[in-house]
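Protein sequence lines correspond, in order, to chains A and B.
Per this note's numbering, residue 3 is the first one in the first sequence, and the count goes up by one each step.
Per this note's numbering, residue 3 is the first one in the second sequence, and the count goes up by one each step.
In this text, a Cβ means the ideal position worked out from N, Cα and C, and glycines have one as well.
Structure record follows, encoded as structure tokens.
2 protein chains.
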Amino acid sequence: MSDPLNLLNEKSAKYSGPDSSRSVGWVVSRSVLLADEENPLPLDCGKTIAPVYVEYEVYGELNEAKDNAILIFHALSGDAHVAGWSKNADQLGRPWLKNRPGWWDDMVGPGKAFDTKKFFIICSNILGSCYGTTGPASIDPVTGRPYGLGFPVITVGDWVRLQERLVTYLGIKRLYAVAGGSIGGQQALEWALAYPDRVERALIIASSPRLSDQGLSFNVIARYAIRTDPNFHSGDYYGGSTPDRGLSVARMLGHITYLSEISMQNKFGRKFCNGAGPGYHLGVDFEVEGYLRHQSESFVERFDANSYLFITRAADYYDASLRGDGNLDQACQSIQCRTLLVSFSSDWLYPPEHMKELALAMSRNRKHVSYVNIPSSYGHDAFLLEVDRLSHVVKSFLEGGTE
Amino acid sequence: MSDPLNLLNEKSAKYSGPDSSRSVGWVVSRSVLLADEENPLPLDCGKTIAPVYVEYEVYGELNEAKDNAILIFHALSGDAHVAGWSKNADQLGRPWLKNRPGWWDDMVGPGKAFDTKKFFIICSNILGSCYGTTGPASIDPVTGRPYGLGFPVITVGDWVRLQERLVTYLGIKRLYAVAGGSIGGQQALEWALAYPDRVERALIIASSPRLSDQGLSFNVIARYAIRTDPNFHSGDYYGGSTPDRGLSVARMLGHITYLSEISMQNKFGRKFCNGAGPGYHLGVDFEVEGYLRHQSESFVERFDANSYLFITRAADYYDASLRGDGNLDQACQSIQCRTLLVSFSSDWLYPPEHMKELALAMSRNRKHVSYVNIPSSYGHDAFLLEVDRLSHVVKSFLEGGTE
Numbered sequence: 003m004s005d006p007l008n009l010l011n012e013k014s015a016k017y018s019g020p021d022s023s024r025s026v027g028w029v030v031s032r033s034v035l036l037a038d039e040e041n042p043l044p045l046d047c048g049k050t051i052a053p054v055y056v057e058y059e060v061y062g063e064l065n066e067a068k069d070n071a072i073l074i075f076h077a078l079s080g081d082a083h084v085a086g087w088s089k090n091a092d093q094l095g096r097p098w099l100k101n102r103p104g105w106w107d108d109m110v111g112p113g114k115a116f117d118t119k120k121f122f123i124i125c126s127n128i129l130g131s132c133y134g135t136t137g138p139a140s141i142d143p144v145t146g147r148p149y150g151l152g153f154p155v156i157t158v159g160d161w162v163r164l165q166e167r168l169v170t171y172l173g174i175k176r177l178y179a180v181a182g183g184s185i186g187g188q189q190a191l192e193w194a195l196a197y198p199d200r201v202e203r204a205l206i207i208a209s210s211p212r213l214s215d216q217g218l219s220f221n222v223i224a225r226y227a228i229r230t231d232p233n234f235h236s237g238d239y240y241g242g243s244t245p246d247r248g249l250s251v252a253r254m255l256g257h258i259t260y261l262s263e264i265s266m267q268n269k270f271g272r273k274f275c276n277g278a279g280p281g282y283h284l285g286v287d288f289e290v291e292g293y294l295r296h297q298s299e300s301f302v303e304r305f306d307a308n309s310y311l312f313i314t315r316a317a318d319y320y321d322a323s324l325r326g327d328g329n330l331d332q333a334c335q336s337i338q339c340r341t342l343l344v345s346f347s348s349d350w351l352y353p354p355e356h357m358k359e360l361a362l363a364m365s366r367n368r369k370h371v372s373y374v375n376i377p378s379s380y381g382h383d384a385f386l387l388e389v390d391r392l393s394h395v396v397k398s399f400l401e402g403g404t405e
Numbered sequence: 003m004s005d006p007l008n009l010l011n012e013k014s015a016k017y018s019g020p021d022s023s024r025s026v027g028w029v030v031s032r033s034v035l036l037a038d039e040e041n042p043l044p045l046d047c048g049k050t051i052a053p054v055y056v057e058y059e060v061y062g063e064l065n066e067a068k069d070n071a072i073l074i075f076h077a078l079s080g081d082a083h084v085a086g087w088s089k090n091a092d093q094l095g096r097p098w099l100k101n102r103p104g105w106w107d108d109m110v111g112p113g114k115a116f117d118t119k120k121f122f123i124i125c126s127n128i129l130g131s132c133y134g135t136t137g138p139a140s141i142d143p144v145t146g147r148p149y150g151l152g153f154p155v156i157t158v159g160d161w162v163r164l165q166e167r168l169v170t171y172l173g174i175k176r177l178y179a180v181a182g183g184s185i186g187g188q189q190a191l192e193w194a195l196a197y198p199d200r201v202e203r204a205l206i207i208a209s210s211p212r213l214s215d216q217g218l219s220f221n222v223i224a225r226y227a228i229r230t231d232p233n234f235h236s237g238d239y240y241g242g243s244t245p246d247r248g249l250s251v252a253r254m255l256g257h258i259t260y261l262s263e264i265s266m267q268n269k270f271g272r273k274f275c276n277g278a279g280p281g282y283h284l285g286v287d288f289e290v291e292g293y294l295r296h297q298s299e300s301f302v303e304r305f306d307a308n309s310y311l312f313i314t315r316a317a318d319y320y321d322a323s324l325r326g327d328g329n330l331d332q333a334c335q336s337i338q339c340r341t342l343l344v345s346f347s348s349d350w351l352y353p354p355e356h357m358k359e360l361a362l363a364m365s366r367n368r369k370h371v372s373y374v375n376i377p378s379s380y381g382h383d384a385f386l387l388e389v390d391r392l393s394h395v396v397k398s399f400l401e402g403g404t405e
């Protein structure tokens with residue numbers, strides 16, 4: 003049994019090792035201070051935060067005109083390491099990065115959909131995460147101790163506001179494109195809405211203008227499980243035992259929403275671990291049970307429960323229509339860039355109908371929008387797995403002529 | 003905010019109070035010993051169990067020929083109290099029964115779909131539950147203490163085997179019908195398969211021959227949450243603090259699967275509790291959060307976590323095709339009764355396609371099968387809420403002529 007991400011990475015490892023001509027090769031994560039006491043980052047909640055360090059990676063060359071940069075966004079548990087092989091995994095304290103290429107390596111590299119021979123690719127870790135950018139595990143300058151639950155409640159808008167500082171720091175006035183899947187897609191949409199004059203193209207993939215109440219409910223339960231874990235200690239668990247049981251529940255829940263019913267059936271088909279029949283016990287008996295347990299166990303080793311709380315809350319709160327007083331059509335008026343919207347037929351976390359709603363809102367505003375619903379059985383994970391179909395669509399959009 | 007069940011009961015309470023001509027009125031739960039040391043109940047796991055007490059209710063009159071009995075099955079968290087108003091709620095130690103009629107009161111009563119003027123209705127609490135029938139909270143005669151996790155792992159087949167004893171005890175050779183929704187529907191199917199000569203009609207509603215891997219996964223996470231609750235103490239928590247946090251997670255998860263995305267949207271629509279906008283905190287902020295919390299809090303007051311473990315495990319294991327070596331067509335060969343299969347269009351826990359699969363398997367065996375997919379936005383809960391449509395179908399099936 004292996005998860006889609008592992009499948010993806012096995013495939014990448016095979017076809018795109020660090021020495022492959024299709025790989026960006028060895029890469030390093032960098033860190034930059036983008037908000038300090040004199041210039042703190044204002045947040046949607048009304049507070050400000052400083053200092054803010056941002057971890058990011060870049061691949062390819064920024065051309066002289068500085069107009070070939072593409073900003074890519076990661077999803078909930080992702081990081082800045084989009085492609086290639088990490089050279090400083092040990093220094094970062096993330097040894098697991100050594101065993102596999104970046105999370106979208108199939109899409110980013112020489113000759114790939116996001117072609118590093120043509121484009122300068124940037125990806126940064128989001129505010130509140132645990133992979134190098136300031137988050138709940140960082141030291142709160144006021145207390146001298148980790149923020150924990152004292153971290154401000156952040157939003158997709160805050161993420162984008164911080165990314166704008168990174169883009170400016172890199173000397174880029176206008177991005178060739180912004181692109182992301184899942185809540186990465188919501189960041190792309192938010193860029194198009196918040197900085198219309200600084201984006202030429204937005205690729206919004208496996209995403210939607212807002213999470214459904216059903217999607218929201220999964221986050222509610224995930225957070226409840228984390229916060230009621232006896233090791234949670236109101237978020238003040240750093241240096242001690244961590245709330246692994248709660249975070250495991252959260253991750254297992256996540257996995258259900260990333261797969262589709264049909265992909266789970268294809269993958270597991272109610273098979274028993276022993277290959278035979280029921281063992282008549284309450285432990286791990288079906289293969290799908292073993293899969294979920296394994297996924298959650300490896301996840302708690304590499305993710306911070308507090309980050310899970312704050313990032314899912316940002317996902318809950320995101321609602322593009324609020325820029326138009328709850329009216330999505332009105333919100334879309336400010337968009338100036340060309341947009342590509344991609345959904346996947348079996349994605350039920352960000353269902354095609356929601357993307358279609360966005361496409362229609364843009365169309366009614368006579369915006370330049372292309373909408374593609376890719377047939378796939380992979381559910382939400384399709385944005386990581388439907389590489390061939392997605393590459394074709396993305397490449398055409400990025401490299402096609404502008405009429 | 004109120005849950006569908008409450009909605010249902012508000013409606014029932016209004017139209018079908020204990021004195022209403024449409025109500026079965028005041029009812030009492032009875033208890034009977036159906037397995038003792040000399041005649042223990044054999045179980046699919048290979049063990050036996052004794053003593054086994056069964057709580058049940060009956061409404062209407064058994065006719066002289068004893069051929070008008072209908073056995074109804076409850077779902078996961080249900081009980082024997084299908085209809086009417088409980089007269090002995092306090093003696094049973096279940097005060098909440100006083101505030102509302104039975105769980106299928108809209109369907110069972112004089113002139114209703116299951117017409118108590120014509121039929122003798124029986125419902126018993128399943129083995130392993132916590133509402134009167136022997137379960138994990140009962141005393142294990144070997145240890146003199148509650149079974150806890152020492153309770154045997156039970157199956158849908160075991161439930162039906164015990165129900166057969168009840169039917170025999172009541173002097174009934176052949177049932178006019180068996181009927182249930184959700185895992186109640188699986189019990190109806192199992193009756194048709196296990197006791198083909200003792201059932202004339204089987205009504206299998208909002209159910210399927212087996213749970214999908216996706217459905218299974220929800221149960222896996224629910225059990226994980228319960229078993230990792232620090233109050234769980236390997237199931238030995240009786241008399242002390244109970245694993246409420248784990249059971250809350252389980253119940254909230256359950257609610258997501260009982261509703262549909264569209265019914266959640268209609269019900270909550272991402273509304274905030276304060277009626278305005280985001281409160282920028284991690285607590286209860288959306289109405290759907292409040293709803294889930296409230297549902298789970300009231301549930302932990304009235305359900306035993308160990309019962310949740312054993313009943314969901316029985317639901318996991320059920321697979322009608324195993325009676326035909328994994329071939330559903332072959333399994334269906336033994337069926338002799340007329341069957342009515344009812345699914346609901348937006349039910350994603352027991353999706354219509356799975357019911358259709360069963361209908362086709364029966365058809366290919368030239369069995370007398372009627373299949374109806376009722377359009378509904380209520381998701382799995384539709385079997386409790388789509389009273390008018392369901393009543394029409396059920397009544398026609400029960401009272402229609404036999405050709």
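For valine 169 (chain A) versus leucine 64 (chain A), is the C-beta distance shorter than 8 Å?
-> Their beta carbons are not under 8 Å apart, which means valine 169 (chain A) does not touch leucine 64 (chain A) by this criterion.
Kindly provide the ranges of any alpha helix (DSSP H) runs that are 4 or more residues long and lie completely inside the segment 242 to 318 of chain B, ordered along the chain.
-> When DSSP assignments are scanned along the segment 242 to 318 of chain B, the uninterrupted stretches of alpha helix (DSSP H) that are 4 or more residues long and fall wholly within it turn out to be 246 to 260, 263 to 269 and 289 to 302.
In the DSSP assignment, what residue or residues form a beta bridge with lysine 28 (chain B)?
-> For the record, residue 28 (chain B) in the displayed sequence is tryptophan; it is not lysine. According to DSSP, tryptophan 28 (chain B) bridges with B:Trp87.
Which residues, in order along the segment 295 to 313 of chain A, keep a beta-carbon less than 9 Å from a beta-carbon of chain B?
-> For the segment 295 to 313 of chain A, which is checked against every Cβ of chain B, the residues closer than 9 Å are Arg295, Ser298, Leu311 and Phe312.
Excluding five sequence neighbours on each side, which residues of the same chain lie with their C-beta closer than 6 Å to the C-beta of arginine 325 (chain A)?
-> Cβ neighbours of arginine 325 (chain A) beyond the five flanking positions: Leu195 and Ala333.
Close-in-space but distant-in-sequence residues of the same chain around tyrosine 149 (chain B) (CB under 7 Å, 5 per side omitted) = Cβ within range, chain order: Pro138, Ser140 and Asp142.
Would the beta-carbon of methionine 109 (chain B) fall within 8 Å of that of leucine 392 (chain B)?
-> Yes, the pair counts as a contact, with Cβ atoms nearer than the cut-off.
Look at the Cβ atom of leucine 257 (chain B), then the Cβ atom of glutamine 216 (chain B), and state whether they are nearer than 8 Å.
-> What sits at residue 257 (chain B) in the sequence shown is histidine, not leucine. Against a cut-off of 8 Å, the Cβ pair of glutamine 216 (chain B) and histidine 257 (chain B) comes out as no contact.
Inter-residue Cα distance where the pair is glutamate 388 (chain A) and glycine 237 (chain B) = Each residue's Cα considered, the two are about 44 Å apart.
Outcome for glutamine 165 (chain A) when other beta-carbon atoms lying within 10 angstroms are tallied against a minimum of 16 | Buried: at least 16 other Cβ atoms inside 10 Å.
C-alpha gap between proline 154 (chain A) and alanine 224 (chain B), whole angstroms = Each residue's alpha carbon lies about 31 Å from the other.
Can you grab the Cα-Cα spacing for the pair leucine 386 (chain A) / asparagine 70 (chain B), in whole Å?
-> Rounded to whole angstroms, leucine 386 (chain A) to asparagine 70 (chain B) spans 58 Å at the Cα level.
Hey, phenylalanine 121 (chain B) and tyrosine 178 (chain B): beta-carbon distance below 8 Å or not?
-> Between phenylalanine 121 (chain B) and tyrosine 178 (chain B), the C-beta gap is smaller than 8 Å, which places the two residues in contact.
Spatial distance of methionine 254 (chain B) from phenylalanine 220 (chain B) (CA atoms) = Looking at the two C-alpha atoms, the distance is approximately 10 Å.
Asparagine 375 (chain A): first and last residue of the uninterrupted beta strand (DSSP E) it sits in = For asparagine 375 (chain A), the enclosing beta strand (DSSP E) stretches over residues 371 to 376.
Using a Cβ cut-off of 7 Å, which residues of the segment 254 to 269 of chain B contact any Cβ in chain A, in chain order?
-> Answer set for the segment 254 to 269 of chain B: Met254, Leu255, Ile258, Glu263, Met266 and Gln267.
Within the same chain, show all residues whose beta-carbon is closer than 8 Å to that of phenylalanine 274 (chain B), passing over the 5 residues directly before and after it, in chain order.
-> Result list for phenylalanine 274 (chain B): Pro280, Gly281, Asp287, Phe288 and Glu289, in chain order.
Rounded distance between the beta-carbons of serine 323 (chain B) and proline 211 (chain B), thought under 8 Å | Between serine 323 (chain B) and proline 211 (chain B) the Cβ distance is about 6 Å, and since that is below 8 Å, they are a contact.
Short Cβ contact (8 Å threshold) for serine 378 (chain A) with phenylalanine 346 (chain A) | It is a contact, given that the beta carbons lie within the stated cut-off.
Pick from B:Leu360, B:Asp390, B:Ala67 and B:Ala363 that is closest to arginine 176 (chain B), judged by C-alpha positions | Checking every option, the nearest Cα to that of arginine 176 (chain B) belongs to B:Ala67.
Which class does proline 154 (chain A) belong to by DSSP, given the choice of helix, strand or coil?
-> Of the three classes helix, strand and coil, the one that applies to proline 154 (chain A) here is coil, per DSSP.
Using only alpha-carbon positions, find the residue among A:Phe312, A:Ile206, A:Arg304 and A:Ile123 that is nearest to alanine 181 (chain A).
-> Closest option to alanine 181 (chain A), Cα to Cα, is A:Ile206.
Could you give the distance in angstroms between the alpha-carbon of asparagine 101 (chain B) and the alpha-carbon of tryptophan 87 (chain B)?
-> Within the model, the alpha-carbon separation for asparagine 101 (chain B) versus tryptophan 87 (chain B) is close to 8 Å.
Can you tell me where the alpha helix (DSSP H) with tyrosine 226 (chain B) in it begins and where it stops?
-> Counting along the chain, the alpha helix (DSSP H) containing tyrosine 226 (chain B) begins and ends at 215 to 229.
Taking all protein chains shown into account, do 16 or more other C-beta atoms lie within 10 angstroms of the C-beta of serine 209 (chain B), making it buried, or fewer, making it exposed?
-> Counting Cβ neighbours within 10 Å, serine 209 (chain B) comes out buried, since at least 16 surround it.
In this structure, does DSSP put arginine 489 (chain B) in helix, strand or coil?
-> Outside the shown range of chain B, which is 3 to 405, sits residue 489 (chain B), and nothing can be said about it.
Can you check DSSP and say which residues form a bridge with arginine 212 (chain A)?
-> Paired residue(s): A:Asp321.
Using a Cβ cut-off of 8 Å, pull out every chain B residue sitting near isoleucine 223 (chain A), in sequence order please.
-> The contact set of isoleucine 223 (chain A) on chain B, defined by CB atoms closer than 8 Å, consists of Val251, Met254, Leu255, Ile258 and Leu294 in chain order.
Any idea if glutamate 57 (chain A) is buried or exposed, counting beta-carbon neighbours within 10 angstroms, 16 or more meaning buried?
-> It is buried - the Cβ of glutamate 57 (chain A) has at least 16 other Cβ atoms within 10 Å.
Could you round the C-beta distance between tyrosine 84 (chain B) and isoleucine 128 (chain B) to whole angstroms and report it? I think they count as a contact, below 8 Å.
-> Note on residue identity: the sequence assigns valine, not tyrosine, to residue 84 (chain B). Contact between valine 84 (chain B) and isoleucine 128 (chain B) does not hold, since their C-beta atoms are separated by about 13 Å, which reaches or exceeds 8 Å.
Check phenylalanine 385 (chain A) in the structure and name its three-state DSSP category.
-> Here phenylalanine 385 (chain A) sits in helix by DSSP.
Mapping DSSP to helix, strand and coil, what is serine 365 (chain A)?
-> Looking at serine 365 (chain A) - three-state DSSP - the assignment turns out to be helix.
Cut-off 8 Å between Cβ atoms - residues of its own chain near aspartate 331 (chain A), not counting five sequence neighbours on either side = Closer than 8 Å at Cβ, skipping near neighbours: Ala363, Arg366 and Asn367.
Measuring alpha carbon to alpha carbon, tell me which of B:Leu36, B:Val30 and B:Asp46 ends up nearest proline 53 (chain B).
-> Comparing Cα positions, the closest option is B:Leu36.
Proximal chain B residues relative to glutamate 291 (chain A), where beta-carbon distance stays under 7 Å | Within 7 Å Cβ-Cβ: Val222.
Contact list for leucine 275 (chain B) against chain A, beta-carbon separation under 7 Å = Note on identity: in this sequence residue 275 (chain B) is cysteine, with leucine being the wrong assignment. Contact note: cysteine 275 (chain B) does not reach chain A at a C-beta cutoff of 7 Å; the least C-beta distance is about 12 Å.
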